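> In my numbering, the protein residues as written are 21 to 428. Quick one: this structure, given as structure tokens, is what I'll be asking you about.
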């Protein structure tokens, strides 16, 4: 596709910024995110000092901020979906894999990472010893490839005054290389035939991470305000909950700050057939350590734990059953696993995150009454194509957004 057509497509994408919301309410956003993504973070995954490592995430991952990964498999079970990983900021990953498409709004620094199908990077790319099954798109100033990088598709650079540095690559030559007229191409010589036109259009990103983050926060606040909840208080230990309603049950669980919970035990009242459960856990700094979760007649796909006010959650030595929603919290989870969606602000630790889906029947969202008082926040410009690919990513990166279409 020629440069003129790229620019026209970019102009069309920009014009679509006023497109209507893809989700009608924050609950619709929550239902979609929890059912699609195994991990969704409004902040960061890991830190430079303590990356997410050792254990895998079975399903799809979306991170609004930066992601630091060491030796983990992202989308380890190759769950079908729009992407294996979306990172709004910078991605740093050493070894492990990203099993599917990867979209990075900032810079990507990869070392020995396998499994990637198509890679879209808004900033600069540094890749060592990795393999990419499809196309690579880079919109930043520099593309540095070394130590045997393999690209089976095409390499596409769209950043103005960019450079391709691959003198020590030693890997396989891409099927084709497309650059701008201002790109500086350095050895090896087999990339000397880089072309300035004819490259494929950049794949569109699968999700507006930042718009969805706002809806997720509003959904948590609204769930916390649900009326008719059964109130339970605890100072920690094993918490016993009895479900008294057919259909969806809501429990308002107040736990003392800094308390340690060692288990959840759920039973049904006589004659009651629940179809779903929302547990609103009130408390700031909470600990889950050891013990077990007994969900009674409910499956983990039907249970949502909403930590609407928590800023710190520490979990260890247990299997956490159900979706975990904590949009304000930094979650640290080691020596265990979670069977359900993990939706939080930041996440550190080495626990495995297992994909089970999400079938909890959320209530109808309303501005008053049972749905709480939080107004729906539309997602800006979802279903937007990237157009020129990396030129568009540069714009959206400045806006701190990755805009979406749920397909590649």
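Every residue gets a Cβ at the ideal spot worked out from N, C-alpha and C, and that includes glycine. Remember, it's a predicted structure, so these values are computed and weren't measured experimentally.
Give me the Cα-Cα distance between residue 111 and residue 95, rounded to the nearest whole angstrom.
In the chain shown, counting from the first residue as 1, residue 111 sits at position 91. In the chain shown, counting from the first residue as 1, residue 95 sits at position 75. Cα to Cα, residue 111 sits roughly 16 Å from residue 95.
> What does the alpha-carbon distance come out to for the pair residue 252 and residue 54?
To locate residue 252, count along the chain shown from 1; it is residue 232. To locate residue 54, count along the chain shown from 1; it is residue 34. In this structure, the straight-line span from the alpha carbon of residue 252 to that of residue 54 is close to 26 Å.
> Going by other Cβ atoms of all chains shown within 10 Å of its Cβ, with 16 needed for buried, is residue 257 buried or exposed?
Counted from its first residue, the chain shown places residue 257 at position 237. By the Cβ neighbour-count rule, residue 257 is exposed, with fewer than 16 other Cβ atoms within 10 Å of its own.
> According to DSSP, simplified to helix, strand and coil, what is residue 268?
Sequence index remark: in the chain shown, residue 268 carries index 248 (1-based). The answer is strand: DSSP assigns residue 268 an E or B state.
> Work out the CA separation of residue 334 and residue 307 for me, nearest whole Å.
Position 287 of the chain shown, counted from the first residue, corresponds to residue 307. Position 314 of the chain shown, counted from the first residue, corresponds to residue 334. C-alpha separation (whole angstroms): 5 Å.
> Of all the options 97, 106 and 68, which has the alpha carbon lying nearest to the alpha carbon of residue 82?
For the purposes of this step, residue 82 is taken as residue 62 along the chain shown, with counting starting at 1. The residue with the shortest Cα to Cα distance from residue 82 is 106.
> Whole angstroms is fine: what's the gap from residue 321's alpha carbon to residue 338's?
As a position in the chain shown, residue 321 is number 301, starting the count at 1. As a position in the chain shown, residue 338 is number 318, starting the count at 1. Cα-Cα distance, rounded: 18 Å.
> So, residue 169 versus residue 150, is the Cβ gap smaller than 9 Å?
Taking the chain shown and counting its residues from 1, one reaches residue 169 at position 149. Taking the chain shown and counting its residues from 1, one reaches residue 150 at position 130. In contact: residue 169 and residue 150 (Cβ atoms closer than 9 Å).
> Give me the Cα-Cα distance between residue 72 and residue 64, rounded to the nearest whole angstrom.
Stepping through the chain shown from its first residue, residue 72 is reached at position 52. Stepping through the chain shown from its first residue, residue 64 is reached at position 44. If you take the alpha carbons of residue 72 and residue 64, they lie about 10 Å apart.
> With a floor of 4 residues, list each alpha helix (DSSP H) that falls wholly inside the segment 226-312, ordered by position along the chain.
229-244, all fully within the segment 226-312.
> Since I believe residue 154 is in contact with residue 173 (beta carbons under 8 Å), could you give me their beta-carbon distance rounded to a whole number of angstroms?
Here residue 173 corresponds to residue number 153 of the chain shown, with the count starting at 1. Here residue 154 corresponds to residue number 134 of the chain shown, with the count starting at 1. Contact holds; Cβ gap of about 4 Å.
> Quick one: residues in its chain with C-beta nearer than 7 Å to the C-beta of residue 375, no 5 flanking neighbours on either side, listed in chain order?
Residue 375 sits at position 355 when you count from the first residue of the chain shown. So the list reads 58, 78, 79, 97 and 99, once near-sequence residues are dropped.
> Can you give the beta carbon distance from residue 60 to residue 363, rounded, assuming they're within the 8 Å contact cut?
Reading the chain shown from its first residue, position 40 is the one you call residue 60. Reading the chain shown from its first residue, position 343 is the one you call residue 363. The distance from the Cβ of residue 60 to that of residue 363 is about 5 Å, consistent with a contact at the 8 Å cut-off.
> Taking the alpha helix (DSSP H) that residue 56 belongs to, which residues open and close that run?
On the chain shown, residue 56 is found 36 positions in, with the first residue counted as 1. First-last of the alpha helix (DSSP H) with residue 56: 46-56.
> Check each candidate in 120, 93 and 85 and name the one with the smallest Cα separation from residue 101.
Start at 1 with the first residue of the chain shown, and residue 101 comes out as number 81. If you compare the alpha carbons of 120, 93 and 85 with that of residue 101, the shortest gap goes to 120.
> Once DSSP output is grouped into helix, strand and coil, what is the label at residue 436?
The structure shown has nothing for residue 436, since the chain only spans 21 to 428.
> Let's see if you can read the secondary structure: which residues bound the beta strand (DSSP E) around residue 372?
Walking along the chain shown from the start, residue 372 turns up at place 352. For residue 372, the enclosing beta strand (DSSP E) has its first and last residue at 372-374.
> Thinking residue 309 and residue 331 are a contact (beta carbons under 8 Å), I'd like their distance in whole angstroms, please.
For the purposes of this step, residue 309 is taken as residue 289 along the chain shown, with counting starting at 1. For the purposes of this step, residue 331 is taken as residue 311 along the chain shown, with counting starting at 1. Residue 309 to residue 331, Cβ: 18 Å. No contact.
> Taking just the CA atoms, how far does residue 185 sit from residue 147?
Counting from one through the chain shown, the residue named residue 147 turns up at place 127. Counting from one through the chain shown, the residue named residue 185 turns up at place 165. When rounded, the distance between both Cα atoms is 11 Å.
> Measuring straight from C-alpha to C-alpha, what distance separates residue 223 and residue 122?
Taking the chain shown and counting its residues from 1, one reaches residue 223 at position 203. Taking the chain shown and counting its residues from 1, one reaches residue 122 at position 102. In a straight line, the C-alpha of residue 223 is about 10 Å away from that of residue 122.
> Suppose contacts are defined by Cβ-Cβ distances below 9 Å. Is residue 246 in contact with residue 347 by that definition?
Taking the first residue of the chain shown as 1, we reach residue 246 at position 226. Taking the first residue of the chain shown as 1, we reach residue 347 at position 327. For residue 246 and residue 347, no; Cβs fall outside 9 Å.
> According to DSSP, what are the bridge partners of residue 367?
Along the chain shown, one-based indexing puts residue 367 at 347. Residue 367 pairs with 65 and 351.
> What is the DSSP secondary structure of residue 78, counted as helix, strand or coil?
What you label residue 78 is simply residue 58 of the chain shown in a count that begins at 1. Note: residue 78 maps to coil in three-state DSSP.
> Who are the near neighbours of residue 138 in its chain, counting only those whose CB is closer than 6 Å to its CB and skipping five residues on each side?
Translated into the one-based positions of the chain shown, residue 138 becomes position 118. Closer than 6 Å at Cβ, skipping near neighbours: 121, 154, 155 and 223.
> Residue 243 to residue 92, Cα distance in whole Å?
Locating residue 243 in the chain shown gives position 223, where the first residue counts as 1. Locating residue 92 in the chain shown gives position 72, where the first residue counts as 1. Looking at the two C-alpha atoms, the distance is approximately 33 Å.
> Excluding five sequence neighbours on each side, which residues of the same chain lie with their C-beta closer than 6 Å to the C-beta of residue 145?
Mapped onto the chain shown, residue 145 falls at position 125. 128, 158 and 163.
> Using CA atoms only, rank isn't needed, just tell me which of 197, 285, 350 and 314 is closest to residue 304.
Indexing the chain shown from 1 puts residue 304 at position 284. Nearest C-alpha to residue 304: 350.
> Is the CB-CB distance between residue 380 and residue 323 below 9 Å?
Mapped onto the chain shown, residue 380 falls at position 360. Mapped onto the chain shown, residue 323 falls at position 303. Yes.
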